[in-house]
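Reading through the structure tokens given below for one structure.
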Amino acid sequence: MSIANDSVFSHIVQAPEDPILGVTVAYNKDQSPVKLNLGVGAYRTEEGKPLVLNVVRKAERLLVDDNSRVKEYLPITGLADFNKLSAKLIFGANSPAISENRVATVQCLSGTGSLKVGASFLGRHYHEKIIYIPLPTWGNHPKVFTIAGLSVKSYRYYNPSTRGLDFQGLLEDLGNAPNGAIVLLHACAHNPTGVDPTPHQWDQIRQLMRSKALLPFFDSAYQGFASGSLDADADAVRKFVADGGECLAAQSYAKNMGLYGERVGALSIVCKSADVAARVESQLKLVIRPMYSSPPIHGASIVATILKNEEMYREWTVELKAMADRIILMRQQLFYALKDKGTPGDWSHIVKQIGMFTFTGLNSKQVEFMAKEYHIYMTSDGRISMAGLSSKTVPHLTDAIHAAVSNVA
Amino acid sequence: MAQLIRSGFSGRITKSGVLGAARSMSTAWWSHVEPAAKDPILGVTEAFLADPSPNKVNVGVGAYRDDNGKPVVLGCVREAERRIAGNLNMEYLPMGGSVKMVEETLKLAYGENSDLIKDKRIAAVQALSGTGACRLFADFQKRFSPDSQIYIPVPTWSNHHNIWRDANVPQRTFHYYHPESKGLDFASLMDDVKNAPNGSFFLLHACAHNPTGVDPTEEQWKEISYQFKVKGHYALFDMAYQGFASGDPERDAKSIRIFLEDGHLIGCAQSYAKNMGLYGQRVGCLSMVCEDEKQAVAVKSQLQQIARPMYSNPPIHGALVVSIILTDPDLKKLWLKEVKGMADRIIGMRTALRENLEKLGSPLSWEHITKQIGMFCYSGMTPEQVDRLTNEFHIYLTRNGRISMAGVTTGNVGYLANAIHEVTKTA
Numbered sequence: 001m002s003i004a005n006d007s008v009f010s011h012i013v014q015a016p017e018d019p020i021l022g023v024t025v026a027y028n029k030d031q032s033p034v035k036l037n038l039g040v041g042a043y044r045t046e047e048g049k050p051l052v053l054n055v056v057r058k059a060e061r062l063l064v065d066d067n068s069r070v071k072e073y074l075p076i077t078g079l080a081d082f083n084k085l086s087a088k089l090i091f092g093a094n095s096p097a098i099s100e101n102r103v104a105t106v107q108c109l110s111g112t113g114s115l116k117v118g119a120s121f122l123g124r125h126y127h128e129k130i131i132y133i134p135l136p137t138w139g140n141h142p143k144v145f146t147i148a149g150l151s152v153k154s155y156r157y158y159n160p161s162t163r164g165l166d167f168q169g170l171l172e173d174l175g176n177a178p179n180g181a182i183v184l185l186h187a188c189a190h191n192p193t194g195v196d197p198t199p200h201q202w203d204q205i206r207q208l209m210r211s212k213a214l215l216p217f218f219d220s221a222y223q224g225f226a227s228g229s230l231d232a233d234a235d236a237v238r239k240f241v242a243d244g245g246e247c248l249a250a251q252s253y254a255k256n257m258g259l260y261g262e263r264v265g266a267l268s269i270v271c272k273s274a275d276v277a278a279r280v281e282s283q284l285k286l287v288i289r290p291m292y293s294s295p296p297i298h299g300a301s302i303v304a305t306i307l308k309n310e311e312m313y314r315e316w317t318v319e320l321k322a323m324a325d326r327i328i329l330m331r332q333q334l335f336y337a338l339k340d341k342g343t344p345g346d347w348s349h350i351v352k353q354i355g356m357f358t359f360t361g362l363n364s365k366q367v368e369f370m371a372k373e374y375h376i377y378m379t380s381d382g383r384i385s386m387a388g389l390s391s392k393t394v395p396h397l398t399d400a401i402h403a404a405v406s407n408v409a
Numbered sequence: 001m002a003q004l005i006r007s008g009f010s011g012r013i014t015k016s017g018v019l020g021a022a023r024s025m026s027t028a029w030w031s032h033v034e035p036a037a038k039d040p041i042l043g044v045t046e047a048f049l050a051d052p053s054p055n056k057v058n059v060g061v062g063a064y065r066d067d068n069g070k071p072v073v074l075g076c077v078r079e080a081e082r083r084i085a086g087n088l089n090m091e092y093l094p095m096g097g098s099v100k101m102v103e104e105t106l107k108l109a110y111g112e113n114s115d116l117i118k119d120k121r122i123a124a125v126q127a128l129s130g131t132g133a134c135r136l137f138a139d140f141q142k143r144f145s146p147d148s149q150i151y152i153p154v155p156t157w158s159n160h161h162n163i164w165r166d167a168n169v170p171q172r173t174f175h176y177y178h179p180e181s182k183g184l185d186f187a188s189l190m191d192d193v194k195n196a197p198n199g200s201f202f203l204l205h206a207c208a209h210n211p212t213g214v215d216p217t218e219e220q221w222k223e224i225s226y227q228f229k230v231k232g233h234y235a236l237f238d239m240a241y242q243g244f245a246s247g248d249p250e251r252d253a254k255s256i257r258i259f260l261e262d263g264h265l266i267g268c269a270q271s272y273a274k275n276m277g278l279y280g281q282r283v284g285c286l287s288m289v290c291e292d293e294k295q296a297v298a299v300k301s302q303l304q305q306i307a308r309p310m311y312s313n314p315p316i317h318g319a320l321v322v323s324i325i326l327t328d329p330d331l332k333k334l335w336l337k338e339v340k341g342m343a344d345r346i347i348g349m350r351t352a353l354r355e356n357l358e359k360l361g362s363p364l365s366w367e368h369i370t371k372q373i374g375m376f377c378y379s380g381m382t383p384e385q386v387d388r389l390t391n392e393f394h395i396y397l398t399r400n401g402r403i404s405m406a407g408v409t410t411g412n413v414g415y416l417a418n419a420i421h422e423v424t425k426t427a
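These protein sequence lines map, in sequence, to chains X and W.
Mapping of the first sequence onto the numbering used here: residues 1 to 409, in sequence order.
Mapping of the second sequence onto the numbering used here: residues 1 to 427, in sequence order.
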């Protein structure tokens, strides 16, 4: 007698599309010649094409031509050079935390992977299982932390009426958090709002957090991409490290080196002592090994090649600044176009916000309208990727926004 | 009140009153964190690298070496990389990975003309090599069959236990290796299959069992498949060595094909780490056979939901290498030749090691060295004997006595045989 071979998974329903990546799916289905993808945060040139940085191409060719290179497994913690250079990049070459060997750095799968490994480590070893995330935040954040066993709460961040920072709300909510709770901070170019605290505000945040022993977990996905300066964009993180306290930092090279699909990133945990850092690193390995054994070698090798070569590093900073500058230009163009058209509303937030995204303030109905009538795609929270704009497409977007705010409540 | 707070982790300490900025800034969060035990496999290579002896031999981790003991990048891989370097873009792959790579990968496991592929009944996503594929399955199993357990063979790759433990899926074991014969304990295996509750989940090594190198025969696979049908069990195949075991990928997939013929809705974790030498690129695939296309779409969408909060989407480079090779007839032919070359060298080393030991007049039987298949030989040595090999002869292997044959060369096989003989002759 044989038991009917039904699938043990027949009860499974189809999962909804990822809200961010699903935008590209919808865009791809659209046949319109004027369609515009302002969804996922991947940089595009003025011609609307993906960009591989010249310095990256150069690095890749160097690697492939080097016949001594092999494809062996990396250690669980990843490429050692890459880890050291990544820590230097974010914490600064002169960081005492680095010279005192107090930083445990592991290579991870871009920003997502770094957050995931950090969150899993915290879920396992940290006494407070609550993490505070800003409202709003990147759509994938809540899931990453929840699955790691942390309970997710939010703190006020964005003020819709000013389209700026709700600083009082932020201070209140963090002030009310239980001592020792984890706090997720966007290092720069907050995603999705583009609203960052000023240096003075960062200082107040830092002091409040230290007074309550709140543990900072930085998500740094746009270093160099926000202002065009790698150092300026890391300033908030560095000030936290400079006060001697501990923190976590997740770094991504997806945007600032254009390595998106290569999945290159790093998680650093700044500890009180070298001894603690060594033990922390050993425990990070136990998180990583049952997940994917060791990280992918290719992207990290490219990064290490560039960061350790002075000339290539310089080339990189130039290309990076060019990307940041083009985005700033798009912001200005869009702002002035809307102004000239007399589109109702205050659109100054477009030039006040920073980084790849603008939180337009459009509501989901308006967003739907723009997709349907103008073939312009963005996430339903009204977030547009400025990187997807060009001077040629700014007029089309302007028309669409104008129509949306005029016709759709 | 400059009381130094040593551990910020202990809830007692921090909650009992952090008063001023000065005191709280001396809080350390991780002081209580214990150093983790070294990974039993990867720790071996670490120790090997640290050893200054000129005679040292690494037969620990399962990474292929040529006859000079050097790692190998396959010719087909170098060519594929040349085509990629600086030319292709690095955009995000979809969450499910490279469609082309997955398509080609399914053909390898299920057959070029598989009806299951034609009928779109297989839910498949690119994964982070074999580890990543197993982990995706384990997390999926936990989410959608929350009350299930996983039956794992004894012994198995040590990381299998870590994977299902971290996925919070309870583990049971089933008999597999027969220490006395250094072969398969088929009778006990079948008993365990029969005694497991109906509808249990089993992890099976498709070929070249790691660490023993002991595989069921075709007849035995047929019996296992039949019994699985009777019991309604679920079979997850971990196939990390297709092509690498016998030299022929079709032959190495035989166990899977037997199950498919019997109508099982299997799961399959595939890796290109060894058979394409792509170790550090982390390229693999998880596939699950479903009842129909609709179910396959649903299952795939759920697998993507598991991948998204883990790493968003998988790395592109290795996937490009695989698709370029498998879709170019000349490169594919070259790959098949190179994979057979690797398998043949290992088979040659098995013969050489056995012959050397027999020539030394070892009192023990070393027949199992040539009967076992794939990268590993389960030597039968005890941990104490392994420790002697390491301490006295600078030979590195895992303490379960597993020898990676890929690390054996014509240059070191004599030294290795001699050392093994020394530590086992009074066994």
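Think of the CB as a built atom: it goes at the ideal place given N, C-alpha and C, for glycine as much as any other residue.
Model, not experiment: these values are computed from the prediction.
(request) Figure out for me which residue from W:Thr217, W:Lys294, W:Ala307, W:Met375 has the closest Cα to the Cα of Pro94 (chain W). (result) For the purposes of this step, residue 94 (chain W) is taken as the residue at position 94 of the second sequence. If we check each option's Cα against that of Pro94 (chain W), W:Ala307 comes out closest.
(request) Just tell me which of X:Lys352, X:Ala119, X:Thr77, X:Thr398 has its CA closest to the CA of Cys108 (chain X). (result) Here residue 108 (chain X) refers to the residue found at position 108 of the first sequence. Per the Cα distances, X:Thr77.
(request) Would you tell me roughly how many angstroms separate the C-alpha atoms of Val125 (chain W) and Pro249 (chain W), rounded to the nearest one? (result) Here residue 125 (chain W) refers to the residue found at position 125 when the second sequence is read from its first residue. Here residue 249 (chain W) refers to the residue found at position 249 when the second sequence is read from its first residue. Cα to Cα, the separation comes out at about 21 Å.
(request) Give the DSSP bridge partners of Tyr155 (chain X), in chain order. (result) Mapped onto the first sequence, residue 155 (chain X) falls at position 155. Note: Tyr155 (chain X) sits in a beta bridge opposite X:Pro134.
(request) For Gln304 (chain W), return the contacting residues in chain X, with the cut-off set at a CB-CB distance below 8 Å. (result) By one-based count along the second sequence, residue 304 (chain W) stands at place 304. Against chain X, the beta carbon of Gln304 (chain W) has neighbours under 8 Å at Ala15, Asp18, listed in chain order.
(message) Going by DSSP in three states, Val394 (chain X) sits in which element: helix, strand or coil?
(response) Your numbering for residue 394 (chain X) matches position 394 in the first sequence. Three-state result, Val394 (chain X): helix.
(message) Given this structure, state the Cα-to-Cα distance separating Thr409 (chain W) from Asp67 (chain W), to the nearest angstrom.
(response) By one-based count along the second sequence, residue 409 (chain W) stands at place 409. By one-based count along the second sequence, residue 67 (chain W) stands at place 67. Put simply, the backbone Cα of Thr409 (chain W) is about 5 Å away from that of Asp67 (chain W).
(request) Report buried or exposed for Glu46 (chain X), applying the criterion of at least 16 other Cβ atoms within 10 angstroms of its Cβ. (result) To locate residue 46 (chain X), count along the first sequence from 1; it is residue 46. Around the beta carbon of Glu46 (chain X), fewer than 16 other beta carbons lie within 10 angstroms, which makes this residue exposed.
(request) For Gly441 (chain X), write down the residues that DSSP places opposite it in a beta bridge. (result) Examination of residue 441 (chain X) is not possible in this model, given that chain X is present from 1 through 409 alone.
(request) Determine whether the Cβ of Gly86 (chain W) lies closer than 9 Å to any Cβ atom of chain X. (result) Counting from 1 along the second sequence, the entry for residue 86 (chain W) is found at position 86. So yes, Gly86 (chain W) belongs to the interface.
(request) From the DSSP output, read off the bridge partner residues of Val103 (chain X). (result) Taking the first residue of the first sequence as position 1, residue 103 (chain X) is located at position 103. In the DSSP output, where bridge partners are listed per residue, Val103 (chain X) has X:Val270.
(message) Considering only their Cβ atoms, is the gap separating Met349 (chain W) from Gly62 (chain W) smaller than 9 Å?
(response) Residue mapping note: residue 62 (chain W) aligns to position 62 of the second sequence, counting from 1. Residue mapping note: residue 349 (chain W) aligns to position 349 of the second sequence, counting from 1. Judged by their CB atoms, Gly62 (chain W) and Met349 (chain W) are not nearer to each other than the 9 Å cut-off.
(message) For Ala298 (chain W) and Val25 (chain X), which I take to be in contact (beta-carbon distance under 8 Å), what is that distance rounded to the nearest angstrom?
(response) If you number the second sequence from 1, residue 298 (chain W) lands on position 298. If you number the first sequence from 1, residue 25 (chain X) lands on position 25. With a Cβ gap of about 16 Å, Ala298 (chain W) and Val25 (chain X) do not count as contacting.
(request) With a cut-off of 8 Å on the beta carbons, I'd call Ile354 (chain X) and Ser161 (chain X) a contact; round off their distance for me. (result) As a first step, residue 354 (chain X) must be located in the first sequence, where it is residue number 354. As a first step, residue 161 (chain X) must be located in the first sequence, where it is residue number 161. With a Cβ gap of about 20 Å, Ile354 (chain X) and Ser161 (chain X) do not count as contacting.
(message) Using the Cβ count rule (16 or more neighbours within 10 Å means buried), how would you classify Thr327 (chain W)?
(response) On the second sequence, residue 327 (chain W) is found 327 positions in, with the first residue counted as 1. Flag for Thr327 (chain W) reads exposed.
(message) Looking at Val183 (chain X): is its Cβ nearer than 9 Å to the Cβ of Pro216 (chain X)?
(response) Residue 183 (chain X) sits at position 183 when you count from the first residue of the first sequence. Residue 216 (chain X) sits at position 216 when you count from the first residue of the first sequence. Yes; because the gap between Cβ atoms is below 9 Å, this pair is in contact.
(request) Check the C-beta distance from Val52 (chain X) over to Met90 (chain W) and give it rounded, since I have them as a contact under 8 Å. (result) Along the first sequence, one-based indexing puts residue 52 (chain X) at 52. Along the second sequence, one-based indexing puts residue 90 (chain W) at 90. Indeed, because the Cβ distance is near 6 Å, the residues count as touching under 8 Å.
(request) Starting from the C-beta of Met370 (chain X), find all residues in its chain whose C-beta is less than 6 Å away, skip the five residues before and the five after it, and write them out in chain order. (result) One-based indexing of the first sequence puts residue 370 (chain X) at position 370. So the qualifying residues of the chain are Ile376, Ala400, Ala404.
(message) In the DSSP output, which residue or residues are listed as bridge partners for Gly284 (chain W)?
(response) Reading the second sequence from its first residue, position 284 is the one you call residue 284 (chain W). DSSP output for Gly284 (chain W) lists W:Ala127, W:Ser271 as bridge partner(s).
(request) Between the Cα of Leu214 (chain X) and those of X:Pro178, X:Ser229, X:Ala187, X:Tyr292, spot the shortest distance and give me the residue it belongs to. (result) Here the question's residue 214 (chain X) lines up with position 214 in the first sequence. Residue X:Pro178 is the option with its Cα nearest to Leu214 (chain X).
(request) For Thr131 (chain W), go through chain X and note every residue whose CB falls closer than 9 Å to its CB, in chain order. (result) Along the second sequence, one-based indexing puts residue 131 (chain W) at 131. Those are Arg289, Pro290, Met291, Tyr292, Ser293, Ser294, listed as they occur along chain X.
(request) Determine whether the Cβ of Tyr311 (chain W) lies closer than 9 Å to any Cβ atom of chain X. (result) Taking the second sequence and counting its residues from 1, one reaches residue 311 (chain W) at position 311. Cβ-Cβ to chain X under 9 Å: yes for Tyr311 (chain W).
(request) Please work out which residues of its chain come closer than 6 Å, Cβ to Cβ, to Tyr374 (chain X), disregarding the five sequence neighbours upstream and downstream, and give them in chain order. (result) In the first sequence, the residue the question calls residue 374 (chain X) occupies position 374. Closer than 6 Å at the Cβ level, and outside the excluded window around Tyr374 (chain X), lie Ala400.
(message) So, for Ser271 (chain W): in the same chain, excluding its five sequence neighbours on each side, which residues have a beta-carbon less than 6 Å away from its beta-carbon?
(response) Here residue 271 (chain W) refers to the residue found at position 271 when the second sequence is read from its first residue. The residues are Ser129, Gly130, Ala240, Gly284.
(message) Check this for me: beta carbons of Gln304 (chain W) and Ser10 (chain X), under 9 Å apart or not?
(response) Counting from one through the second sequence, the residue named residue 304 (chain W) turns up at place 304. Counting from one through the first sequence, the residue named residue 10 (chain X) turns up at place 10. No, these two residues do not count as a Cβ contact at 9 Å.
(message) When you compare the segment 138-153 of chain W with the segment 169-178 of chain W, are there three or more beta-carbon pairs, one atom per stretch, that lie closer than 8 Å?
(response) yes
(message) On the criterion of 16 or more Cβ atoms from any shown chain inside 10 Å, does Ser32 (chain X) qualify as buried, or is it exposed?
(response) Walking along the first sequence from the start, residue 32 (chain X) turns up at place 32. So Ser32 (chain X) ends up on the exposed side.
(request) Measure the alpha-carbon distance for Glu367 (chain W) versus Arg354 (chain W) and round it to whole angstroms. (result) As a first step, residue 367 (chain W) must be located in the second sequence, where it is residue number 367. As a first step, residue 354 (chain W) must be located in the second sequence, where it is residue number 354. Each residue's Cα considered, the two are about 7 Å apart.
(message) Suppose the cutoff is 7 Å on Cβ atoms and the five residues either side in sequence are ignored; what does the same chain contact list for Ala59 (chain X) look like?
(response) Here residue 59 (chain X) refers to the residue found at position 59 when the first sequence is read from its first residue. Closer than 7 Å at the Cβ level, and outside the excluded window around Ala59 (chain X), lie Ile302, Thr305, Ile306, Met312.
(message) What residue range does the beta strand (DSSP E) around Ile182 (chain X) cover?
(response) Looking up residue 182 (chain X) in the first sequence gives position 182. Counted as a single uninterrupted DSSP element, the beta strand (DSSP E) harbouring Ile182 (chain X) occupies residues 182-186.
(message) Relative to the C-alpha of Arg279 (chain X), which candidate in X:Asp231, X:Ala80, X:Thr105, X:Asp30 has its C-alpha closest?
(response) Position 279 of the first sequence, counted from the start, is the residue given in the question as residue 279 (chain X). Closest option to Arg279 (chain X), Cα to Cα, is X:Thr105.
(message) With a threshold of 9 Å between beta carbons, is Phe137 (chain W) in contact with chain X?
(response) Here residue 137 (chain W) is taken as the residue at index 137 of the second sequence, counted from 1. Cβ-Cβ to chain X under 9 Å: no for Phe137 (chain W).
(message) Would the segment 167-181 of chain X count as touching the segment 309-329 of chain X if we require 3 or more Cβ pairs under 8 Å?
(response) Touching, no, given that fewer than three Cβ pairs across the two stretches are closer than 8 Å.
(request) Name, please, each residue of chain W whose Cβ falls closer than 9 Å to the Cβ of Thr112 (chain X). (result) Translated into positions along the first sequence, residue 112 (chain X) becomes position 112. Correct list: Arg308, Pro309, Met310, Tyr311, Ser312, Asn313.
(request) Identify the contact partners of Val237 (chain X) in chain W, using a Cβ-Cβ distance below 8 Å as the criterion. (result) In the first sequence, the residue the question calls residue 237 (chain X) occupies position 237. Here the premise fails: no neighbours, minimum Cβ distance about 16 Å.
(request) Report buried or exposed for Thr393 (chain X), applying the criterion of at least 16 other Cβ atoms within 10 angstroms of its Cβ. (result) For this step, residue 393 (chain X) is matched to residue 393 along the first sequence. Classification for Thr393 (chain X): buried.
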